[in-house]
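Using UniProt numbering, the first residue of the sequence shown is number 1, and each one after it goes up by one.
Note that CB positions come from ideal geometry on N, CA and C, so glycine has one too.
Everything numeric in this text was worked out from a predicted model, so none of it was measured.
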Amino acid sequence: MAATRILINDNGRQWDEENAKEDSPTSKKQIGAKWEGRFPLSKWELAAAVSVFSLFVIGLLCVYSTMPAAEYGNIKLPRSISDLRILKDHLANYAKDYQAQFILGYCSTYIFMQTFMIPGTIFMSLLAGALFGVIRGLLLVVFNATSGASSCYFLSKLIGRPLVSWLWPEKLRFFQAEIAKRREKLLNYMLFLRITPTLPNTFINVASPIVDIPFHVFFFATLIGLIPASYITVRAGLALGDLKSVRDLYDFKTLAMLFLIGSVSILPTILKRKRTYE
Numbered sequence: 001m002a003a004t005r006i007l008i009n010d011n012g013r014q015w016d017e018e019n020a021k022e023d024s025p026t027s028k029k030q031i032g033a034k035w036e037g038r039f040p041l042s043k044w045e046l047a048a049a050v051s052v053f054s055l056f057v058i059g060l061l062c063v064y065s066t067m068p069a070a071e072y073g074n075i076k077l078p079r080s081i082s083d084l085r086i087l088k089d090h091l092a093n094y095a096k097d098y099q100a101q102f103i104l105g106y107c108s109t110y111i112f113m114q115t116f117m118i119p120g121t122i123f124m125s126l127l128a129g130a131l132f133g134v135i136r137g138l139l140l141v142v143f144n145a146t147s148g149a150s151s152c153y154f155l156s157k158l159i160g161r162p163l164v165s166w167l168w169p170e171k172l173r174f175f176q177a178e179i180a181k182r183r184e185k186l187l188n189y190m191l192f193l194r195i196t197p198t199l200p201n202t203f204i205n206v207a208s209p210i211v212d213i214p215f216h217v218f219f220f221a222t223l224i225g226l227i228p229a230s231y232i233t234v235r236a237g238l239a240l241g242d243l244k245s246v247r248d249l250y251d252f253k254t255l256a257m258l259f260l261i262g263s264v265s266i267l268p269t270i271l272k273r274k275r276t277y278e
């Protein structure tokens, strides 16, 4: 049996030669390549995904079945600001008359969409502002976004690795390298990513367990980091008539403010590095 050489990296950590080969640039190019031409999930992983999805759908249907009757023909997931205005008009009285039931249905839908990366949660956030105002709307959005992101994290931990490697191989390699460089101040970096649009939130949700970000770091970074952008979106929901498209939410001024807030979160890391090199 061939002996395995032990290597030492710059941080003093040990790993064997076989693992070192896996971390080499040549092997990294193969991430995602092995999934080319075929669906990445095995039969077991696909069955697990379908089972989890089915459970969520059944739970969602159970919630809807307990809600008071409504004109469901007029209710659909919005895909544009004009759709959202129509939906808001149909739901305004319903949300006021059956507030508890409506909030339960709203939360269930938001978490379902966030868990399975279904586009449209930004419209749900705008709707929260339009129907509930800034404070209650913000609490609702942050709660649902954090719960849905956490649910997506655990789903990805179960079956996400082959799927993410197949869909976003380059982005995953970049994320993995950035996380490896920032292990000591991981919470600060995750806060920066959540506050700023550097990486899509959907990608962060599914890639975090794959690059070994601890759940407590993921959870607190999500809970705190989503507040600024959620506030902007919920506040915009109060004036749906002034919005022409979702792009109006994030103009240059808004993006600059988010990056400024995000920069504060990584300031301790920058200062520590500066002291180290002095």
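Compute the beta-carbon to beta-carbon distance between I122 and V246, rounded to the nearest angstrom, for a pair I have assumed lies under 8 Å.
-> 6 Å
Once you ignore the five residues that flank L260 on each side, which residues in its own chain have a CB closer than 6 Å to its CB?
-> none
Can you name, in chain order, every residue of its own chain whose Cβ lies under 7 Å from the Cβ of Y64, other than the five neighbours on each side?
-> G105
Near L243, what residues of its chain come up, given a Cβ to Cβ distance below 7 Å and the 5 sequence neighbours on each side ignored?
-> Cβ-Cβ distances below 7 Å link L243 to I81 and A236 in the same chain, with the five nearest sequence neighbours on each side left out; the list follows chain order.
Does the distance from the CB of I224 to the CB of L255 come in under 9 Å?
-> Contact flag unset, no.
Return helix, strand or coil for P214, following the three-state DSSP convention.
-> coil
Could you spell out where the alpha helix (DSSP H) holding K171 opens and where it closes?
-> Secondary structure note for K171: its alpha helix (DSSP H) is the uninterrupted segment P169 to K181.
Hey, could you find the ends of the alpha helix (DSSP H) A48 is sitting in?
-> K43 to S65
For T198, does the count of other Cβ atoms within 10 angstroms reach 16, so buried, or fall short, so exposed?
-> exposed
Is W50 buried or exposed, if buried means 16 or more other CB atoms sit within 10 Å of its CB?
-> At residue 50 the sequence reads Val, which differs from the Trp that was named. By the 10 Å Cβ count, V50 comes out exposed.
N- and C-terminal bounds of the alpha helix (DSSP H) containing S82 = Unbroken alpha helix (DSSP H) run through S82: I81 to D97.
Selected residue, minimal CA-CA separation from A92, among S125, E45, L131 and F116 = Here the closest residue by C-alpha is L131.
9 Å Cβ cutoff met for F175 and V211 | yes
Kindly confirm or deny that the stretch 110 to 118 and the stretch 85 to 101 touch, where touching means at least three C-beta pairs closer than 8 Å.
-> no
The alpha helix (DSSP H) with S230 in it runs from where to where?
-> I227 to A236
Going by beta carbon distance, what residues of the same chain come within less than 7 Å of W168, once the five residues before and after it are set aside?
-> F203
Going by the CB atoms, is the gap between S230 and V164 shorter than 9 Å?
-> No.
With a CB to CB cut of under 8 Å and the five nearest residues on each side skipped, what residues in its chain are close to F143?
-> C107
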